[in-house]
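In UniProt numbering, the protein residues as written are 1 to 388. Shown next, in structure tokens, is the structure this report addresses.
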Ligand code: SF4
Ligand code: SF4
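Structure, rendered in structure tokens:
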């Protein structure tokens, strides 16, 4: 969206939600657990819903877990947020609809809730800035050379300079001076375990800002075994290792993932190894050019709504892919497409930042959107992690 009245856009219009609204999380698994911490932060958690009997009996961290039928017997039915896999979300959603609940009124899908509704709730009722996801790309170098890396890392020489530790610290300091709470803050690459100061970065960010995030994570391709020091710091600050699983394409990684699994368990470090990735979407950054006017580019940007934001010192990028592809493929596109956190000031800065998170900007699009399939990328499937 293009700013027409910066700082005063009409986005605060959720009549159903009041300061005292609570939410029920449907799904007492890992995704539900991540959202639980955030809802507790805002004192908006009511209960879990899960039809698994053993989970109901055990409860979740002393919280009640009720069945869907029990939920429907309650006199006051707080809105439900579905936190489940894509497949289960569809099943639960159709069930809730059949029982009369209305999307975006009585129930929400987790990502829609954290991307689009919770930032508004946090601003309106708590005068806080909330966002769902942001990352620091500590290095652009990688141990793999995936043909269609959405960050263009295949083009980065292994000798390229990374961010300095001072730059990483500055990025975190500026970010957390403006953002009160985030669902997930990620250290990413390239391959972040190539970054010489990763342990120091975890220590610095963990010690200063851990209570401003629900999930603090490192996303890795799993090719490098973390050091003892790094594992210790990850345990201390509750860092989640997300390992992308490319063993469907690179079969020798299977053994490495097994080794990592044991290592994380032994060291009591939280981890999630994804399911084997077989297919990616091709964003088209390396060959595509959209012939359209600026109004149509605004539509492309709005339809995309990527949650993958990036902080890089004072520069906050709405789309980490747009920034990294421009740098890593050395294309002169969208160099000015960021919000300068150091220039956010005055009485209304929090509102301007909220609008930016919701997709408003001076142009209403990023220059890189012209070179990207955006929301249509799923129509361009490619094999996952194919190597150059
Ligand atoms: S997709 Fe991931 S693993 Fe592959 S080159 Fe890019 S950063 Fe590295
Ligand atoms: S359409 Fe624009 S915002 Fe979306 S992924 Fe592409 S470059 Fe990023």
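Glycine residues also receive a C-beta, built at the ideal position from the N, C-alpha and C atoms.
**Study point:** Limits of the alpha helix (DSSP H) - the one that residue 107 falls within
**Key:** For the purposes of this step, residue 107 is identified with residue 107 of the chain shown, where counting begins at 1. Where residue 107 is concerned, there is no enclosing alpha helix (DSSP H), although the beta strand (DSSP E) it sits in stretches over 107 to 109.
Review point. Alpha carbon to alpha carbon, how far is residue 204 from residue 212?
Key: For the purposes of this step, residue 204 is taken as the residue at position 204 of the chain shown. For the purposes of this step, residue 212 is taken as the residue at position 212 of the chain shown. Answer to the nearest angstrom: the Cα atoms are 13 Å apart.
Review point. Under a three-way DSSP split, which group does residue 242 fall into?
Key: Here residue 242 is taken as the residue at index 242 of the chain shown, counted from 1. Shown here, residue 242 sits in a strand according to DSSP, grouped into three states.
**Study point:** Counted within 10 angstroms of its Cβ, other Cβ atoms place residue 187 as buried (16 or more) or exposed
**Key:** Position 187 of the chain shown holds residue 187. Residue 187 comes out buried.
Review point. In the DSSP assignment, what are the bridge partners of residue 265?
Key: Within the chain shown, numbered from 1, the residue matching residue 265 stands at position 265. In the DSSP output, where bridge partners are listed per residue, residue 265 has none listed.
Review point. So does residue 407 have its beta carbon nearer than 8 Å to some heavy atom of ligand 1?
Key: Coverage of the chain is limited to positions 1 through 388, which leaves residue 407 absent and any answer about it impossible.
Check your understanding: Listed in chain order, which residues are found with a beta carbon closer than 5 Å to a heavy atom of ligand 3?
Key -> Here the bound small molecules are ligand 1 and ligand 2; ligand 3 is not part of this structure.
**Study point:** Three-way DSSP call (helix, strand, coil) for residue 53 in this model
**Key:** Position 53 of the chain shown, counted from the first residue, corresponds to residue 53. The answer is helix: DSSP assigns residue 53 an H, G or I state.
Review point. If we count the other Cβ atoms within 10 Å of its Cβ and call it buried at 16 or more, is residue 387 buried or exposed?
Key: Counting from 1 along the chain shown, the entry for residue 387 is found at position 387. The residue in question, residue 387, is exposed, as its Cβ has fewer than 16 Cβ neighbours within 10 Å.
Review point. When the Cβ atoms of the region 236 to 248 are set against those of the region 60 to 76, are three or more pairs found closer than 8 Å?
Key: no
**Study point:** Close Cβ partners of residue 207 (< 8 Å) along its chain, the five nearest in sequence each way excluded
**Key:** One-based indexing of the chain shown puts residue 207 at position 207. Result list for residue 207: 237, in chain order.
Exercise for review: Going by CA-CA distance only, name the one from 295, 141, 334 that's closest to residue 3.
Suggested key: Stepping through the chain shown from its first residue, residue 3 is reached at position 3. Residue 295 is the option with its Cα nearest to residue 3.
Check your understanding: Is residue 131 near ligand 2, in the sense that its beta carbon is under 8 Å from a heavy atom of that ligand?
Key -> On the chain shown, residue 131 is found 131 positions in, with the first residue counted as 1. No, the beta carbon of residue 131 sits no closer than 8 Å to any heavy atom of ligand 2.
**Study point:** Residue from 330, 32, 304 whose Cα sits closest to the Cα of residue 61
**Key:** Counting from one through the chain shown, the residue named residue 61 turns up at place 61. Looking at the Cα atoms, 32 is the closest of the given residues.
Review point. Any idea if residue 326 is buried or exposed, counting beta-carbon neighbours within 10 angstroms, 16 or more meaning buried?
Key: In the chain shown, the residue the question calls residue 326 occupies position 326. Residue 326 is buried by the Cβ-count criterion.
Practice item. Mind checking who residue 23 pairs with in its DSSP beta bridge? Key: Working through the chain shown from its first residue, we reach residue 23 at position 23. Its beta-bridge partners are 45.
**Study point:** Which of helix, strand or coil DSSP assigns to residue 184
**Key:** Sequence index remark: in the chain shown, residue 184 carries index 184 (1-based). Looking at residue 184 - three-state DSSP - the assignment turns out to be strand.
Exercise for review: Measure the CB-CB distance between residue 151 and residue 333 and report whether it falls below 9 Å.
Suggested key: Translated into the one-based positions of the chain shown, residue 151 becomes position 151. Translated into the one-based positions of the chain shown, residue 333 becomes position 333. The beta carbons of residue 151 and residue 333 sit no closer together than 9 Å.
Check your understanding: Is the beta carbon of residue 183 less than 9 Å from the beta carbon of residue 220?
Key -> Working through the chain shown from its first residue, we reach residue 183 at position 183. Working through the chain shown from its first residue, we reach residue 220 at position 220. Not a contact, by the Cβ cut-off of 9 Å.
Point to revise | Any non-hydrogen atom of ligand 2 within 8 Å of residue 365 CB | key: Position 365 of the chain shown holds residue 365. Yes.
**Study point:** Given 8 Å, three or more beta-carbon pairs between the region 30 to 48 and the region 74 to 84
**Key:** Yes: the two stretches touch, three or more of their Cβ pairs being nearer than 8 Å.
Exercise for review: Closer than 7 Å by C-beta to residue 289: which residues in its own chain qualify, once you throw out the five before and the five after it? Chain order, please.
Suggested key: Taking the first residue of the chain shown as 1, we reach residue 289 at position 289. These residues qualify, in order along the chain: 370, 371.
Practice item. Specify the secondary structure class of residue 366 as computed by DSSP and reduced to three states. Key: What you label residue 366 is simply residue 366 of the chain shown in a count that begins at 1. Per DSSP, reduced to three states, the secondary structure at residue 366 is coil, with no helix or strand assignment.
Check your understanding: Hey, how far is the Cα of residue 132 from the Cα of residue 160?
Key -> By 1-based counting over the chain shown, the position of residue 132 is 132. By 1-based counting over the chain shown, the position of residue 160 is 160. Approximately 30 Å between the Cα atoms of the pair.
**Study point:** Contact test: residue 368 Cβ vs ligand 2 heavy atom, cutoff 8 Å
**Key:** By 1-based counting over the chain shown, the position of residue 368 is 368. Result yes, Cβ under 8 Å from ligand 2.
Check your understanding: From residue 257 to residue 95, what does the alpha carbon distance come to, in whole angstroms?
Key -> Counting from one through the chain shown, the residue named residue 257 turns up at place 257. Counting from one through the chain shown, the residue named residue 95 turns up at place 95. If I take the Cα positions, the gap works out to 36 Å.
Check your understanding: With burial defined as no fewer than 16 other Cβ atoms inside 10 Å of the residue's Cβ, what is the status of residue 115: buried or exposed?
Key -> Numbered from 1 along the chain shown, position 115 holds the residue referred to as residue 115. With 16 or more Cβ atoms within 10 Å of its Cβ, residue 115 is classed as buried.
Point to revise | Beta-carbon proximity check, residue 48 vs residue 26, cutoff 9 Å | key: Here residue 48 refers to the residue found at position 48 of the chain shown. Here residue 26 refers to the residue found at position 26 of the chain shown. Yes.
Check your understanding: When the Cα atoms are used, what is the spatial distance from residue 178 to residue 341?
Key -> Position 178 of the chain shown, counting from 1, holds the residue named residue 178. Position 341 of the chain shown, counting from 1, holds the residue named residue 341. Computed Cα separation, rounded: 8 Å.
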